[in-house]
Structure formats: C-alpha cells, structure tokens
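Notes for the one structure printed next.
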C-alpha cells in the first residue's frame, strides 16, 4: 500500500481525494508539487493529469474544473518559481499575484461575454444560490435574513462584494501551506524554514505603506462618503485590497507565533492544538502580530538554543 501511494498514480489519486474531501482540500497540491520540485516537471505533470482525470470521474465536471483551475495551475506556477530558486516570500507573493490576476481576467472576460458587469455576475450567482436554499432549506435563509436585517437582494450584494477578497485569502493560504510542505524537498526553501532563519526573517518595513493605503481605501469604502452609483464596486475593491494585504500579514504573523510558541511550549499535542486554535479563531490577532512585528520584533524577547526545523 505504501508503495502505491509513493508512485505517480498513487500521488495523483491522493491529490484528487484530498480535493474531493473538502476539509483536506488545502493540501491537495502537495503530492503534485513535491514531485514537480523534488523529482521532475514531467513526473509532476503526470501526477496532475492523473489527479485531474480521477477528479472528473469521481466528482464530475465542476470538481474537475476546480482541480485544473486551482491545483494544477497553482502547482505549475509556484513549482516554477521554487525550481528557479526564488525565495519563499517572493514565491508566495508573485505566485499569488499571477494566479489571482489570471482569475480576475477570466472573470472579466466571462462577465463581458454574458453582457454583465462583474458585480452583476457575482450577484446573479449568489441569488441563484439563495433561491436554491429557499427551496431546499427555507428556515436557514429566513433566519439569515432576520439576523442580518437585509433583503434577499441586499444579502446577495453583500456576499458578492466579499467574493474577490475571500478568494484572495484562500489562494494565498493554499499556496502558503503547500509551500511549507514542499519546503522539505527544496534546499533553498528548507534553509529558509530552519528555526534560526525564521528567528531573523522580517517583513520589509516599506511594506507598511501599501498596507496603510489599502486600509485607507477600505475605510473610505465603508463610510457615508462612498455614495456613488459604483459604491458596491468600490466596496469590493476596498475589501479586496485590504483583505489581501492583511492575509500577507496574517501569514507572517503565523510565522512569528510559531517561533514564539516553539520557544515557550514543548513540541507535542498541546502546542499543535494551541497553534490550530490560534489559526482558526484568532485571525485578527495574528494579522496584528505580523503588522506590529515590523517595529517591535517580538521574537527578540525570546531565545532558544539549538536549531529546530518547521
């Protein structure tokens, strides 16, 4: 059995099952990208082809399209940067920009082909989902409308403005997690992930200025000054920029929190559980840690002898 899962067909099968499991989908690129980087492009692409084929067979066309659009595309993009020996941070940021940019272009082209604006396209899809929920789960929709105080159309518009920001965060976290896994197969990545190097790594100070600008745009989008006919679009852009920059600081904050908890708490179940709880329930706190570490360098208050790898 172990021999099968370490083979090319086994890795393709694993990648497909991880995506279809939903809960473990965030790890679905790992079997392919480790092969793409650790062995060869050809073997990595073969894993992807097998994974895509199995996903189409087991999950249908929508699942297959998601596999190609997310797993296959992400693997090739980040795999090429890792093979080119680009640093961890640059690989994450540049890969995210490329992938999100391609998705944005695809959405604009598709919405134009449907003679719709981007916001109108998102809203129509959300309304379709709401109507489906009304038919099959009417109590859920009714309770949601009561709790939010919105009409169906207002709810659809509210969700639609959040879609680009959510997708940005999902893509960046997806890449980050799979890059951590592939780090064990690439020398430069492995060196970056050594404990002593994580202790020294800092976010560039100039990155604070884009964060402040994006934060200002987001705050403007939430005020009464944003009352133009394109206010929903401005809301979407503001949230997209702010969420994207905060996701970068969230991932950086995770690194800082990992270093600190590794110093103060012995490795084991308790540390893993604490770290998992922080990731799930303390997004704002972790992002704030990443942002303010630029000035306070929280890691300098802790030290640890020896070396530990992520």
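Residue numbers (the numbering used here): 7 to 316. Each residue gets a CB set at the ideal place from its N, CA and C atoms; glycine is no exception. Just so it is clear, the structure is predicted and the values come from calculations on it, not from any experiment.
Inter-residue spacing [alpha-carbon to alpha-carbon] between residue i and residue j
| i | j | result |
| --- | --- | --- |
| residue 45 | residue 161 | 48 Å |
| residue 266 | residue 247 | 29 Å |
| residue 215 | residue 294 | 15 Å |
| residue 107 | residue 222 | 22 Å |
| residue 38 | residue 170 | 26 Å |
| residue 121 | residue 242 | 20 Å |
| residue 22 | residue 56 | 8 Å |
| residue 313 | residue 258 | Low per-residue confidence applies at residue 313: pLDDT is 43, beneath 50, and the placement is therefore not dependable enough to give any value. |
| residue 289 | residue 256 | 7 Å |
| residue 157 | residue 95 | 42 Å |
| residue 137 | residue 124 | 20 Å |
| residue 206 | residue 264 | 13 Å |
| residue 74 | residue 305 | 40 Å |
| residue 92 | residue 43 | 13 Å |
| residue 53 | residue 65 | 17 Å |
| residue 80 | residue 35 | 8 Å |
| residue 111 | residue 302 | 39 Å |
| residue 20 | residue 240 | 41 Å |
| residue 315 | residue 268 | A caution first: residue 315 carries a pLDDT of 42, below 50, which makes its placement in the model too unreliable to give a value. |
| residue 50 | residue 40 | 8 Å |
| residue 213 | residue 291 | 19 Å |
| residue 201 | residue 187 | 15 Å |
| residue 31 | residue 176 | 11 Å |
Closest by C-alpha distance to residue i, when choosing among the options
| i | options | result |
| --- | --- | --- |
| residue 180 | 245, 92, 111, 254 | 254 |
| residue 297 | 266, 222, 267, 262 | 262 |
| residue 101 | 174, 159, 138 | 174 |
| residue 250 | 202, 19, 219 | 219 |
| residue 99 | 178, 225, 78 | 178 |
| residue 204 | 32, 166, 260, 240 | 260 |
| residue 228 | 213, 217, 244 | 244 |
| residue 61 | 226, 76, 172 | 76 |
| residue 59 | 48, 182, 78, 115 | 78 |
| residue 396 | 164, 213, 63, 86 | It is not possible to answer for residue 396, since the shown part of the chain is limited to 7 through 316. |
| residue 134 | 211, 11, 159, 283 | 159 |
| residue 72 | 28, 186, 17 | 28 |
Element boundaries [alpha helix (DSSP H), containing residue i]
| i | result |
| --- | --- |
| residue 225 | 214 to 227 |
| residue 188 | 158 to 188 |
| residue 128 | 124 to 142 |
| residue 74 | Looking at the DSSP string, residue 74 is not in any alpha helix (DSSP H), and its letter there is neither H nor E. |
| residue 32 | Careful: residue 32 lies outside any alpha helix (DSSP H) and carries neither H nor E. |
| residue 16 | 14 to 26 |
| residue 289 | 289 to 302 |
| residue 44 | 36 to 44 |
Identified DSSP bridge partners for residue i
| i | result |
| --- | --- |
| residue 91 | Bridge partners of residue 91: none, in fact. |
Status (buried if at least 16 other CB within 10 Å, exposed otherwise) for residue i
| i | result |
| --- | --- |
| residue 184 | buried |
| residue 143 | exposed |
| residue 97 | buried |
| residue 280 | exposed |
| residue 341 | Residue numbering for the chain in the displayed model covers 7 to 316; residue 341 lies beyond these limits and cannot be assessed. |
| residue 154 | exposed |
| residue 299 | buried |
| residue 166 | buried |
| residue 182 | buried |
| residue 63 | exposed |
Chain B within 7 Å of residue i, Cβ atoms only
| i | result |
| --- | --- |
| residue 100 | Considering every chain present, this structure includes no chain B. It has just one protein chain. |
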